[in-house]
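Numbering (our numbering), first residue to last: 1 to 420. Glycine residues also receive a C-beta, built at the ideal position from the N, C-alpha and C atoms.
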Amino acid sequence: MPQLDIPELYQCVHCGLCLNACPTYRALHIESESPRGRIHLVRAAAEGRIELNDRFAAHLDLCLMCRACETACPSGVQYGRIAEAARAAMGPRGSALARAAAGFAFTRLLPYPSRLRRAARLLRFYQRSGAERLLRRLLPKRLGEMSALLPAVPDRFFAPAEMSPALGKKRARVGMLGGCVMSVVFSDVDEATLRVLRLNGCEVVAPKSQVCCGALNTHNGETAAACAMARRNIDAFLGLDLDAIVVNAAGCGAAMKEYGHLLADDPVYAAKAERFAARVKDAGEFLFELGLVPPTGRIDMAVTYQDPCHLAHGQKVRLQPRALAQSIPGLRFTEMSFSDRCCGSAGIYNLTQPEMSQEILQEKMAAIAATGAEAVIAPNPGCMLQLRYGAARYGPPVQVFHLMDLLARAYGAAEEPPSR
Ligand code: SF4
Ligand code: SF4
């Protein structure tokens, strides 16, 4: 019998106030596709009243893990912990091929930066050799669409010096997580983050021994691999006498702030994990608290802001990135309606649940179109990829930026409007 000893299950009072915040409930209006319904199901399984079979798994797998229900819940139910525990108890699922691919990605690829970079080089070759264009025509529709979601791999990966000095007067000493996806697919964003931190008086330490944060593993029930990755990051950063450990990907930051919970039963790492988690800051959150050196370069552009779920709901960081963006001269800022609703990216959800993901994405693109913005700020790699895909497929043809990218541009050659 799988372990489903989850104290959070019993905090839910079944009030239903979370239902309308849930993207899958709003789309389907079915109780079992709502947070309350899923909590009921997990509780029934924990009490041995139902089995952890494929039908049970389908309800849990359709959840985006966006945690919008946590923001809506007046009782403070941490739904994410319930769903992660349930997914871990269910174990690997799907076809033999899907299980093998997931097992390979979660335990043999993500924990090893050198393998990840080799895989990214292969992907780059596939994209640039013409094989991708050819295959997209030959593949079944679903696989062709999945291929279109793959990010374009740039020429260079993020490979900073282990220590980069502050530019100007030193105000803080921080660690920086490069991130698995960020450092290979959005190396320009990592470079921008490093530059913005240094221009704000930060000495930046980027230990070579750091690894992927383990967020995807945690969300998909691969807890043992997630714990191993958390321990490696704790060993990499904790003894470095840092004021903060800065993360520019919302999903990674949320996962790292949860290391204390993840390793609570580890007698060697539990206390270290709590100390580590207390130091983790989203890049926008950190710079806001430090006091941003005002950028003087001008960027004339109408922008709106997409709250990444794991920043708004997971870390409760909403105001800080908006304040930093609004400090850039020339930016005209308009809020979109329901900016904290998920864009449908949700880790690998856009690959595993394409129909629901596309429905949610179309709603998001319509909200962006209504603002008239030329660009969207979305400080998370998954959101950036999803929104770029949405702009190309559904419109409007907006540019998508990470906040650190825009700040770096405003500090640098800001006379030229950003283009991508
Ligand atoms: S999760 Fe919270 S909001 Fe949703 S039904 Fe339970 S107590 Fe109510
Ligand atoms: S995490 Fe998101 S999709 Fe899942 S139940 Fe909560 S609101 Fe719904």
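Checklist line | CA-to-CA distance, Ile6 to Leu331, given in whole angstroms | finding: Looking up residue 331 in the sequence shown gives position 331. Looking up residue 6 in the sequence shown gives position 6. Approximately 46 Å between the Cα atoms of the pair.
Next item on the list: Compute the minimum distance between the beta carbon of Ile6 and the heavy atoms of ligand 1, and state whether it is under 8 Å.
Entry: As a first step, residue 6 is located in the sequence shown; it is residue number 6 there, counting from the start. No - ligand 1 has no heavy atom lying nearer than 8 Å to the Cβ of Ile6.
Item checked: Assigned secondary structure, Tyr305 (DSSP; H/G/I helix, E/B strand, else coil) -> Here residue 305 is taken as the residue at index 305 of the sequence shown, counted from 1. Tyr305: strand per DSSP, three-state reduction.
Checklist line | DSSP three-state assignment for Ala159, whether helix, strand or coil | finding: Indexing the sequence shown from 1 puts residue 159 at position 159. DSSP places Ala159 in coil when its eight states are reduced to three.
Note to self: To the nearest angstrom, how far is the alpha carbon of Pro418 from that of Ala378?
What the structure shows: Residue mapping note: residue 418 aligns to position 418 of the sequence shown, counting from 1. Residue mapping note: residue 378 aligns to position 378 of the sequence shown, counting from 1. Summary for Pro418: the model assigns pLDDT 39, below 50, so the residue's position carries little reliability, and this model does not support an answer.
Item checked: Alpha-carbon to alpha-carbon, Glu355 and Cys63 -> For the purposes of this step, residue 63 is taken as the residue at position 63 of the sequence shown. For the purposes of this step, residue 355 is taken as the residue at position 355 of the sequence shown. Their backbone Cα atoms lie some 13 Å apart in a straight line.
Checklist line | C-alpha gap between Asp405 and Leu324, whole angstroms | finding: Locating residue 405 in the sequence shown gives position 405, where the first residue counts as 1. Locating residue 324 in the sequence shown gives position 324, where the first residue counts as 1. Roughly 12 Å between the two C-alpha positions.
Checklist line | Same chain only: Cβ atoms within 6 Å of Leu197, ignoring 5 sequence neighbours per side | finding: Within the sequence shown, numbered from 1, the residue matching residue 197 stands at position 197. For Leu197, where only same-chain residues beyond five positions count, the Cβ hits under 6 Å are Val204.
Notebook entry, point to check: Out of curiosity, what's the CA-to-CA distance linking Arg117 and Ala366?
Noted result: For the purposes of this step, residue 117 is taken as residue 117 along the sequence shown, with counting starting at 1. For the purposes of this step, residue 366 is taken as residue 366 along the sequence shown, with counting starting at 1. Computed Cα separation, rounded: 36 Å.
Check: Buried or exposed: which applies to Gly390, given that a residue is buried once 16 or more other Cβ atoms fall within 10 Å of its Cβ?
Finding: Translated into the one-based positions of the sequence shown, residue 390 becomes position 390. Around the C-beta of Gly390, 16 or more other C-beta atoms lie within 10 Å, and the residue is accordingly described as buried.
Next item on the list: Answer yes or no: does any C-beta atom of chain B fall closer than 9 Å to that of Gly372?
Entry: In the structure shown, chain B does not exist; there is a single protein chain.
Checklist line | Extent of the continuous alpha helix (DSSP H) to which Gly175 belongs | finding: Translated into positions along the sequence shown, residue 175 becomes position 175. Taken as a continuous stretch (DSSP letters only), Gly175 belongs to no alpha helix (DSSP H), being part of the beta strand (DSSP E) at 172-177.
Margin query: For Arg480 and Gly201, I'd like the C-alpha separation in whole angstroms.
Written below: With the chain represented from 1 up to 420, any question about residue 480 goes unanswered, as that position is not in the structure.
Check: How far does the beta strand (DSSP E) with Ile377 in it reach, from first residue to last?
Finding: For the purposes of this step, residue 377 is taken as the residue at position 377 of the sequence shown. First-last of the beta strand (DSSP E) with Ile377: 375-377.
Checklist line | Nearest-residue set for ligand 2, Cβ under 6 Å from any heavy atom | finding: Ala21, Cys22, Pro23, Thr24, Pro35, Arg38, Cys63, Leu64, Met65, Cys66, Arg67, Ala68, Cys69, Tyr79
Next item on the list: Find the nearest neighbour of Leu149 within the set Ser357, Ala408, Leu407, judged by alpha-carbon distance.
Entry: In the sequence shown, the residue the question calls residue 149 occupies position 149. Selected option, being the one with the closest Cα: Ser357.
Margin query: Closest to Ala161 by C-alpha separation, out of Glu285, Ala152, Pro329, Gly175, would be which residue?
Written below: Counted from its first residue, the sequence shown places residue 161 at position 161. Shortest Cα-Cα distance from Ala161 to any of Glu285, Ala152, Pro329, Gly175 involves Gly175.
Item checked: Simplified DSSP state of Leu263, which is helix, strand or coil -> Along the sequence shown, one-based indexing puts residue 263 at 263. DSSP places Leu263 in coil when its eight states are reduced to three.
Next item on the list: Could you please give me the residues that DSSP links to Glu203 through a beta bridge?
Entry: What you label residue 203 is simply residue 203 of the sequence shown in a count that begins at 1. According to DSSP, which records beta bridges pairwise, Glu203 is partnered with Arg173.
Note to self: Using a 10 Å radius around the Cβ and a threshold of 16 neighbouring Cβ atoms, would you call Ser337 buried or exposed?
What the structure shows: Here residue 337 corresponds to residue number 337 of the sequence shown, with the count starting at 1. With fewer than 16 Cβ atoms within 10 Å of its Cβ, Ser337 is classed as exposed.
Item checked: Ala72: CB within 8 Å of a non-hydrogen atom of ligand 1 -> In the sequence shown, the residue the question calls residue 72 occupies position 72. Of the heavy atoms belonging to ligand 1, at least one sits nearer than 8 Å to the Cβ of Ala72.
Note to self: Quick check on Arg93: does DSSP put it in helix, strand or coil?
What the structure shows: What you label residue 93 is simply residue 93 of the sequence shown in a count that begins at 1. Residue state, collapsed to three classes: coil.
Item checked: Check: Gly314 C-beta below 8 Å from any heavy atom of ligand 1 -> For this step, residue 314 is matched to residue 314 along the sequence shown. Outside the cutoff, so no.
Margin query: Tell me whether Val13, by its Cβ, gets closer than 8 Å to a heavy atom of ligand 4.
Written below: With respect to ligand 4, the structure offers nothing, as its ligand set consists of ligand 1 and ligand 2.
Check: With Ala225 and Gly214 assumed to form a contact (beta carbons below 8 Å), what rounded beta-carbon distance in angstroms separates them?
Finding: If you number the sequence shown from 1, residue 225 lands on position 225. If you number the sequence shown from 1, residue 214 lands on position 214. Rounded, the Cβ-Cβ distance is 7 Å, consistent with contact.
Next item on the list: Jot down the residue ranges of each uninterrupted alpha helix (DSSP H) in the stretch 286-374, minimum 4 residues, whole runs only, in chain order.
Entry: Every unbroken stretch of the alpha helix (DSSP H) spanning 4 or more residues and falling wholly within the stretch 286-374 is given here in chain order: 309-312, 319-326, 349-352, 354-371.
Checklist line | Lys208 - partner residues in DSSP beta bridges | finding: Position 208 of the sequence shown holds residue 208. Assignment of beta-bridge partners to Lys208 by DSSP yields no partner.
Check: Should Ser75 be listed as close to ligand 1, given that the test is whether its C-beta is under 8 Å from any heavy atom?
Finding: Looking up residue 75 in the sequence shown gives position 75. It does: the Cβ of Ser75 is within 8 Å (strictly closer) of some heavy atom of ligand 1.
Check: Is it the case that the Cβ atoms of Val246 and Phe286 are separated by a distance below 9 Å?
Finding: Indexing the sequence shown from 1 puts residue 246 at position 246. Indexing the sequence shown from 1 puts residue 286 at position 286. It is a contact, given that the beta carbons lie within the stated cut-off.
Check: Is Leu17 near ligand 1, with its Cβ less than 8 Å from a heavy atom?
Finding: Numbered from 1 along the sequence shown, position 17 holds the residue referred to as residue 17. Yes; taking the cut-off as 8 Å, the Cβ of Leu17 has a heavy atom of ligand 1 nearer than that.
Item checked: Cα-Cα separation between Leu262 and Val398, rounded to whole angstroms -> As a position in the sequence shown, residue 262 is number 262, starting the count at 1. As a position in the sequence shown, residue 398 is number 398, starting the count at 1. For Leu262 and Val398, the distance between alpha carbons rounds to 38 Å.
Next item on the list: Can you give me the Cβ contacts of Pro151 inside the same chain, cut-off strictly under 6 Å, excluding the 5 residues immediately before and after it?
Entry: Numbered from its first residue, the sequence shown carries residue 151 at position 151. So the qualifying residues of the chain are Val185, Leu385.
Check: Do you know whose CA, among Val77, Met65, Arg49, lies nearest Leu9's CA?
Finding: Numbered from 1 along the sequence shown, position 9 holds the residue referred to as residue 9. The option with the nearest alpha carbon to Leu9 is Val77.
Notebook entry, point to check: Terminal residues of the continuous beta strand (DSSP E) containing Ala278?
Noted result: Taking the sequence shown and counting its residues from 1, the one referred to as residue 278 is at position 278. Segment 270-279 is the alpha helix (DSSP H) holding Ala278; no beta strand (DSSP E) there.
Check: Run through DSSP, which three-state label would Gln399 get?
Finding: Looking up residue 399 in the sequence shown gives position 399. If DSSP states are grouped into helix, strand and coil, Gln399 belongs with the strands.
Check: Taking Thr334 as the reference, which of His29, Cys212, Ala375 has the closest Cα?
Finding: Walking along the sequence shown from the start, residue 334 turns up at place 334. Cα-wise, what sits closest to Thr334 is Ala375.
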